[in-house]
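S.K.: Numbering (the working numbering), first residue to last: 68 to 291. Quick one: the structure is below, questions incoming.
In structure tokens form, the structure reads like this:
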């Protein structure tokens, strides 16, 4: 059974992982006969927002502990991630990606990426294993890897930043994916567009399917 590592960045689209994207990514992995392990960095969340009003709340939360809400407690320290243990890596979106996993929300193309996130991405790329990213998460791949082709839907500002980071941007619509065969990267726009939940699920399902096709078949299957 193929196994995906999934990097989460909290819980809630305004300040953590987008719950629909994260959950439907996990659903798509199991639906397609694979398994997953969730990871998150053990760091302080940039800030906490009231998801009703959008206002900042006077409290502090931990990214790993918040991610455990989505993972039902089954989440590991990202610092423990080893590329040899997994067949693919997926990063769901949410504004927390741009606030907690990197500083894109504040610094744009000049952003920095969390050390453990960058290490995981580079390790999978070095191992020749596929990487998937949803919504705003492709900016991390562009920042860390440079010459990759990804999508941010129809967002021209994000597309310009991706190009400034050394990447290429391919515009997409609801449920579509972009496949960079050379770098084994698959991306989908999700809530970078004004999407419905079923469209998020369609994109996540296509992304996981495409990543599975990039993974080598077991030796016994390859011989038949």
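The beta carbon of each residue, even a glycine, is placed where N, CA and C say it ideally should be.
1) In the DSSP assignment, find the beta strand (DSSP E) that holds residue 107 and state where it starts and stops.
2) If you run the structure through DSSP and keep just helix, strand and coil, what is residue 269?
3) What number of angstroms, rounded off, separates the C-alpha of residue 105 from the C-alpha of residue 231?
4) What would DSSP say about residue 129, mapped onto helix, strand or coil?
5) Say yes only if the C-beta of residue 100 is nearer than 7 angstroms to one or more non-hydrogen atoms of the ligand MG, and no if none qualify.
6) Ignoring anything shorter than 3 residues, give me the beta strand (DSSP E) runs that lie fully in the stretch 171 to 236, in order along the chain.
7) So which of 69, 135, 219 has the shortest CA-CA distance to residue 100?
8) Assuming residue 216 and residue 247 make a contact with CB atoms under 8 angstroms, what is their CB distance in whole Å?
9) Once you ignore the five residues that flank residue 103 on each side, which residues in its own chain have a CB closer than 7 angstroms to its CB?
10) Taking only three categories from DSSP, how would you classify residue 254?
11) Taking only three categories from DSSP, how would you classify residue 88?
12) Give every residue of the same chain whose Cβ lies closer than 6 angstroms to the Cβ of residue 131, excluding the five residues on either side of it in the sequence, and list them in chain order.
M.R.: In short, the structure shows the following:
1) Residue 107 -> beta strand (DSSP E) spans 102 to 107.
2) In the structure shown, residue 269 sits in a helix (DSSP, three-state: H, G or I).
3) Straight-line Cα distance between these residues: approximately 30 angstroms.
4) In this structure, residue 129 counts as strand in the three-state DSSP scheme.
5) The ligand MG is not part of the structure shown, which contains no ligands of any sort.
6) The qualifying runs are 198 to 201.
7) The residue from 69, 135, 219 with its alpha-carbon nearest to that of residue 100 is 69.
8) The beta-carbon separation of residue 216 and residue 247, rounded to 4 angstroms, stays under the 8 angstroms limit for a contact.
9) Taken in chain order, the residues that qualify are 70, 71, 73, 93, 96.
10) DSSP places residue 254 in strand when its eight states are reduced to three.
11) It is helical.
12) Once the five neighbours on either side are set aside, the close Cβ partners of residue 131 are 107, 109.
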